[in-house]
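Accompanying notes for the structure given below.
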Amino acid sequence: KLVHVTSNHLVLVKIQGKMMNLVMAVISIAITLSTILAIVSFWLPQMTPDHEKLSPYECGFDPLGSARLPFSMRFFLVAILFLLFDLEIALLLPLPWGDQLSSPLLTFTWAFAVLALLTLGLIYEWLQGGLEWAE
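Quick note: the sequence shown uses my numbering, first residue 1, plus one each step.
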């Protein structure tokens, strides 16, 4: 059998060879650098922490006091409501691509349904008093 090799094929083989050399160079540099850093970390002197370094310190708070600060549950409720409504708003983001549906009326119906659901959820939370910050 005769194999016909064109110059384009030779160029492609050379490019693939150069890419393989580049990949091997990056891998060998990464392995060498990580090995050197691991060896150097064993040669560095071990630090012996004293009492001050072992004690927790955070911005001037008393490290021996209670770590639990009183937090308002309203804050968590508003944060969760924000996340829920934010995720529901994300459902409206693909709306510009909705013109690919069979009719524009179908796109409008889906958008109206999502907005109606958002509005009903907001009205429900408002009536339940979930959005009142102070009583």
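A virtual CB, placed ideally from N, CA and C, is assigned to each residue, including glycine.
Check: Say whether the region 88-107 touches the region 39-51, bearing in mind that this needs 3 or more beta-carbon pairs closer than 8 Å, one atom from each stretch.; Outcome: no
Check: Evaluate Leu2 with the Cβ neighbour count: other Cβ atoms within 10 Å of its Cβ, from every protein chain shown; 16 or more gives buried, anything less gives exposed.; Outcome: Annotation note: pLDDT 49 at Leu2 (below 50); position unreliable, coordinate value reported separately. Label assigned to Leu2: exposed.
Check: Here's a check: name, in chain order, each residue in its chain whose Cβ is nearer than 6 Å to the Cβ of Glu88, leaving out the five neighbours to either side.; Outcome: Leu118
Check: I'd like to check one pair, Leu95 with Ala111: are the Cβ atoms closer than 8 Å?; Outcome: yes
Check: If Leu210 sits next to Val114, beta carbons under 8 Å apart, how far is it from one beta carbon to the other, in whole angstroms?; Outcome: Outside the shown range of the chain (1 to 135) lies residue 210, about which nothing can therefore be said.
Check: Am I right that Arg74 and Trp126 are in contact with their C-beta atoms under 8 Å? What's the rounded C-beta distance?; Outcome: That belief does not hold up - the Cβ atoms of Arg74 and Trp126 are roughly 14 Å apart, past 8 Å.
Check: What residue does the alpha helix (DSSP H) around Glu132 start on, and which one ends it?; Outcome: Unbroken run through Glu132: none, as it is neither H nor E.
Check: Excluding sequence positions up to five away, which residues of its chain have a Cβ less than 8 Å from the Cβ of Met19?; Outcome: none
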